[in-house]
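**Q** Following UniProt numbering from start to finish, the sequence shown increments by one per residue and tops out at 483.
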Amino acid sequence: MAGSLGARAQVPRTKPAPAAVPAGQTSAADTSQQFSLADLLTYVTQRHPVARQAALLPERAQQEVRFARGLFDPAASSKYYGKTLGGKEYFHDWDTQLRVPLWFGADVKAGFERGTGPYVNPENYTAPAGLSYVGISVPLAQGLLMDERRAAVRQAQALQGLAEAERRAALNKLVLQAAKDYWDWALHHQRRELLRQNVALADVRFRAVRERVRLGDLAAIDSVEALTELQNRQAALVQAQVQWQNATLLLSNYLWDEQQQPRELPAAVRPQPLPGPGAWLALPADSLAALAARARQLHPDLQKSRAKLSQLGVERRMLGNKLLPKLTLDYNLLQAGAPFSPETGASLGSAYLQNNYKLGASFAYPLLLRQERAKLQLNRLKQRETELDLQQDTRAIETGVRTVANDWEALREQLRLQEQVVLNAERLRRGEQIRFENGESSVFLLNAREASLVTARVKLAELQAKYAQTQATIRWAAGGGVE
């Protein structure tokens with residue numbers, strides 16, 4: 001019953017405690033329970049440590065953006081210097097400032113300064129009431145179009161796309177491996193069931209041959225032949241049982257509860273059936289092109305390369321801006337005494353603006369620009385390398401999609417042929433059984449027919465599991481799709 005585990009895909013257990021279920025414990029409620037692939041993927045995407053670790057990457061990138069935006073946080077500062085020696089006051093120098101960075105590179109500032117005393121620096125001298133100011137610092141060349149602060153924010157924003165691509169890549173890889181391990185688990189279960197049926201059939205035949213030997217219908221050597229075949233099949237079943245148990249343990253590695261405690265699948269849980277003839281569907285004519293287009297757009301490896309190109313583009317703009325000279329203009333409007341108020345603003349005329357200000361300009365320019373030009377050229381080389389990687393990865397991913405699609409179609413043909421092989425092997429086995437019952441065949445030939453039949457059935461199960469794994473692989477090759 002595929003839906004027995006519920007929408008939350010809970011692992012069947014005998015009690016609500018999160019502890020692991022003992023491997024040998026069974027109950028009447030467990031005997032028909034089925035653990036589907038959808039249940040497993042629910043566990044993997046929501047509770048697996050790798051999935052939870054991948055979910056932290058976008059949050060980490062968001063904090064990187066927050067950190068970069070902190071470069072634009074307003075900053076308040078205050079400093080005081082005073083000197084008194086032998087009871088004589090030399091100077092008192094106090095400066096308090098609020099600085100607000102703007103996105104376009106300028107800084108708005110406001111403050112209050114007071115410098116008094118007989119030995120205060122004349123540059124810092126003010127009236128006893130102090131001096132208020134409001135000003136702006138504007139870069140006119142380097143830093144006007146792009147600077148380190150804006151570049152840090154843009155690169156952090158590009159990092160969000162990179163982190164999301166890395167998250168999807170890690171999750172897709174985990175889901176693909178989980179799906180493959182699930183169908184291996186289903187294959188081992190099917191092989192064990194086939195070999196168990198084979199053992200039961202050999203046991204019935206051994207008992208029947210032994211009875212016919214006792215009645216004199218068959219030679220005693222036929223009972224030895226039947227017993228040997230039974231023992232060989234029992235040995236193969238033991239090996240299949242071990243492989244099934246190991247596959248169950250491997251699948252349990254993907255199971256974790258809400259408390260991040262590992263869980264184990266109970267021995268009575270069964271996988272969903274391997275895909276039958278009704279599920280061996282051909283790819284639509286336009287699906288290959290659609291998958292390739294999806295891969296070009298959504299594949300995490302390509303998204304990571306695009307995010308890196310975006311970061312390098314931001315860096316190139318900043319480095320190109322470094323080739324310009326450093327030219328900064330500072331203007332401060334001054335007001336004696338208390339800070340500016342609405343009354344003060346009403347009296348701000350042209351005469352006031354012309355006689356109450358502090359103006360400054362700075363200029364710097366390296367003559368050879370060797371460092372700046374080298375950094376810019378290195379950035380261009382990195383961009384070219386990333387573009388070439390993107391081209392190569394795009395080609396490789398498209399080829400991978402086509403390769404898996406070819407495997408898909410080849411497996412469909414193999415499955416169709418192998419199904420016919422199984423039907424023919426069943427006919428041969430039934431015919432040999434009739435001949436044996438009529439005394440026209442031997443135990444050896446009948447065992448050989450049955451061995452061929454079980455081999456054909458196991459081969460069909462292997463192809464069915466491989467077909468299911470290919471279905472998961474083609475989604476992964478096209479960029480995933482687990483969300």
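From the three backbone atoms N, C-alpha and C, an ideal C-beta is built for every residue, glycine too.
Report the rounded CA-to-CA distance for Thr26 versus Ala268, giving the unit in angstroms.
**A** Note that Thr26 scores 35 on pLDDT, short of 50, meaning its location in the model is unreliable and no value can be drawn from it.
**Q** Do the segment 267-281 and the segment 453-465 touch if we need at least three Cβ pairs shorter than 8 angstroms?
**A** yes
**Q** Where does Asp73 land, buried or exposed, given buried means 16+ other C-beta within 10 angstroms?
**A** exposed
**Q** Smallest Cα separation from Arg429: which of Leu201, Val50 and Thr399?
**A** Leu201
**Q** Starting from Arg114, trace the beta strand (DSSP E) both ways and give me its first and last residue.
**A** Asp107 to Thr116
**Q** Just mark Asp217 as buried or exposed, buried being the case when its beta carbon has 16 or more other beta carbons within 10 Å.
**A** exposed
**Q** Tell me, which residues are paired with Thr328 by DSSP?
**A** Pro139 and Ser362
**Q** Sort out for me which residues DSSP pairs Tyr81 with in a bridge.
**A** Asp93
**Q** Return yes when the C-beta of Leu388 is under 6 angstroms from any heavy atom of the ligand NAD, and no when it is not.
**A** The ligand NAD is not part of this structure, which contains no ligands at all.
**Q** Would you call Trp256 buried or exposed, if buried means 16 or more other Cβ atoms sit within 10 Å of its Cβ?
**A** Label assigned to Trp256: buried.
**Q** Determine the extent of the alpha helix (DSSP H) in which Ala472 is found, giving its start and end residues.
**A** Bounds of the alpha helix (DSSP H) holding Ala472 are Val443 to Ala477.
**Q** Helix, strand or coil for Gln34? Go by DSSP, reduced to three states.
**A** strand
**Q** Assuming Trp244 contacts Leu415 under a Cβ cut-off of 8 angstroms, what Cβ separation, rounded to an integer in Å, is found between them?
**A** In fact, because the Cβ distance is near 23 angstroms, the residues do not count as touching under 8 angstroms.
**Q** Per DSSP, which residues does Ala76 bridge with? Please list them.
**A** Leu98
**Q** Mapping the DSSP letters down to three states, classify Pro300 as helix, strand or coil.
**A** helix
**Q** Classify Thr470: buried if its beta carbon has 16 or more other beta carbons within 10 angstroms, exposed otherwise.
**A** Thr470 should be labelled buried.
**Q** If you drop the 5 nearest sequence neighbours on each side, which residues of the same chain put their C-beta closer than 7 angstroms to that of Ala7?
**A** Confidence at Ala7 is low in this model, with a pLDDT of 32, below 50, so the placement of that residue is unreliable and no value is reported for it.
**Q** Do you know offhand how far Asp184's Cα is from Ala152's?
**A** 48 angstroms
**Q** Taking its Cβ as the centre, do 16 or more other Cβ atoms sit within 10 Å of Glu409, making it buried, or is it exposed?
**A** exposed
**Q** Give a yes or no on whether the C-beta atoms belonging to His92 and Gly117 are separated by under 7 angstroms.
**A** yes
**Q** By DSSP, does Leu144 sit in helix, in strand, or in coil?
**A** coil
**Q** Which one or two residues does DSSP pair with Val134 in a beta bridge?
**A** Ala110 and Leu333
**Q** By DSSP's criteria, Lys88 is part of a beta bridge. Which residues make up the other side?
**A** In the DSSP output, where bridge partners are listed per residue, Lys88 has Leu85.
**Q** Alpha carbon to alpha carbon, what distance is there between Glu211 and Val204?
**A** 11 angstroms
**Q** Our contact map puts Ala51 next to Val44 with C-beta atoms below 8 angstroms; I'd like the distance itself, whole angstroms only.
**A** Between Val44 and Ala51 the Cβ distance is about 6 angstroms, and since that is below 8 angstroms, they are a contact.
**Q** Compare the C-alpha of Leu369 against each of Leu324, Asp301, Ala351 and Gln303 and name the closest.
**A** Leu324
**Q** Can you list, in chain order, the residues of its chain with a C-beta nearer than 6 angstroms to that of Leu327? Leave out the 5 residues immediately preceding and following it.
**A** Leu140, Ala141 and Phe363
**Q** In angstroms, rounded to a whole number, what distance separates the CA positions of Arg296 and Leu145?
**A** Roughly 33 angstroms between the two C-alpha positions.
**Q** Do you know whose CA, among His188, Leu381, Tyr467 and Asn438, lies nearest Gly278's CA?
**A** Tyr467
**Q** Just grab the DSSP bridge partners of Tyr357 for me.
**A** Leu333, per the DSSP bridge assignment.
**Q** Apart from the five residues on each side of it in sequence, which residues of its chain come closer than 8 angstroms, Cβ to Cβ, to Arg233?
**A** Leu195, Asn198, Val199 and Ala202
**Q** Ordered along the chain, which non-local residues of its own chain (more than five positions away) have a Cβ less than 7 angstroms from that of Gln303?
**A** Gly161 and Ala165
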